[in-house]
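One structure is given here, and the rest of the page talks about it.
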Amino acid sequence: MNIRYFDNAATTRVDDDVIEYMIPYMKEVYFNPSSLYKPSIMVKKAVNDARERVAKAINANSSEIYFTSGGSESDNLAIKGFAYANRKKGNHLITSCIEHPAVINSMKSLEKEGFEVTYLSVDENGFISLDELERSIKENTILISVMFANNEIGTIEPIKKIGDIAKKYNICFHTDAVQAIGSVNVDVNDMNIDMLSLSGHKFYGPKGVGALFVRKGILINRLNDGGHQEKGKRSGTENVPGIVGLGYAIEKACNSVDENNKKISELRDYYIDRVLSEISDVKVNGDRTNRLPGNANISFKYVEGESILLRLDSKGVCVSTGSACSSLSLEPSYVLLSIGLSHELAHGSIRVSLGKHNTKEEVDYLVDVLKEVIGDLRKMSPLCEEE
Ligand SMILES: *Cc1c(COP(=O)(O)O)cnc(C)c1O
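Residue numbers (my numbering): 1 to 387.
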């Protein structure tokens, strides 16, 4: 069956030229970058070229880039590594209540170890309040971690303003920019970002490889013991094919942000407009302006997100949902509850995340199928009083 893929926030297809670029580092140039013979020099150079490319993409210095196994590890290393290294200065951290689990659960595990964490609330569009942030800062606050853009509802936080506040109080500022890279132009200096997490597979690069930017002068502890790779901050033989692929992919993605965004956001608006005009009782979640170009998170009243998802799946359409009825937790998405959605609306949400490969024909197919599926489900729904 023809697959129509609308889940680019979960992962993206690796570009063919990225794959071509990676292959030699598994075949001919397979050497360990730490070895001392000549063939290894080529590999070391390729890893450092990739480091330069990542640095350039976010306006950092290449000595400030550490390669990791992905966004989750970068978040863990930034938050726990910083907290452990700076415990003497204070034990209070600030984050938001809509962070990715890699951030939220890192914070939770620090709480168990005696750190204190403030979870900032968000408004109905998913924005943190700069006032609340400033009021939460205490003498012993050492770190602020707020995501660049939310993976579920697409809201882009006021990162530069958060960076300004962090700088004013001399507090380290980390941002999980996994969803932002390739979709937003990021400049760690202009935005006063001290640490930034990114991941290859969210911008048409390989899975299992990411990077953490740590500004010069910021101290973090290593989390795993081993060799001295990545200047002793991240032990383990480098994932060379992944790293060179990530370097190639981030350069490509950041050079085409504007061009891709124009196409993708037009498609997204077309999708949202069609849904709003052709399906009744729907709510668009997240901010309509400051949002990721590809994200459309919509709640369909009276129906269950997972039922929609499964029916779409049977038609070859891949989407995501904030509902979790069949999973172990009956709670719907904490992000959707945090922006004030009722349990019912949160359970009826479908996230469509468009990427550069999606076409208008695919979106038309999606909306046509969605109309049919929602109509069917509402006919059976005990919640639906109409008809
Ligand atoms: C995907 C994602 C992550 C996790 O990245 P992995 O490379 O899959 O570990 C972290 N944060 C956000 C916002 C994400 O979207």
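Virtual Cβ for every residue (Gly too), placed ideally from N, Cα, C.
- Per DSSP, reduced to three states, the secondary structure at Ser62 is helical.
- When secondary structure is reduced to three states using DSSP, Ser34 falls in the coil class, being assigned neither helix nor strand.
- Remark: C-beta atoms of Ser349 and Asn285 approach each other more closely than 8 angstroms.
- At a cut-off of 7 angstroms, the beta-carbon of Asp75 counts as near ligand 1: some heavy atom of the ligand is closer than that.
- It is roughly 21 angstroms from the alpha-carbon of Lys262 to the alpha-carbon of Pro158.
- With a cut-off of 7 angstroms, the C-beta of Gly226 is classified as distant from ligand 1, since no heavy atom of the ligand falls inside that distance.
- Going by DSSP, Asn285 is part of the beta strand (DSSP E) stretching over 282-285.
- When the alpha-carbon of Gly210 is set against those of Gly71, Leu377, Lys45, Asn59, the nearest one is in Gly71.
- The three-state secondary structure of Ser265, taken from DSSP, is helix.
- Bounds of the beta strand (DSSP E) holding Glu116 are 116-120.
- Shortest Cα-Cα distance from Pro293 to any of Ala9, Tyr119, Val122 involves Ala9.
- Here DSSP, grouped into helix, strand and coil, assigns Gly154 to coil.
- Rounded to whole angstroms, the separation of the alpha carbons of Val257 and Val184 is 7 angstroms.
- Listed in chain order, the non-local C-beta contacts of Gly154 below 6 angstroms within the same chain comprise Gly286, Arg291, Leu292, Asn295, local neighbours out to five positions each way being set aside.
- In this model, Lys252 and Arg51 are separated by some 14 angstroms (Cα to Cα).
- With contact defined as three or more Cβ pairs closer than 8 angstroms, the region 273-283 and the region 366-384 are in contact.
- Rounded to whole angstroms, the gap between the alpha carbons of Tyr334 and Asn86 is 30 angstroms.
- Of the candidates Ala102, Leu246, Glu259, Asp49, Glu259 places its Cα closest to the Cα of Gly355.
- Between ligand 1 and His100, a heavy atom-to-CB distance of less than 7 angstroms is present.
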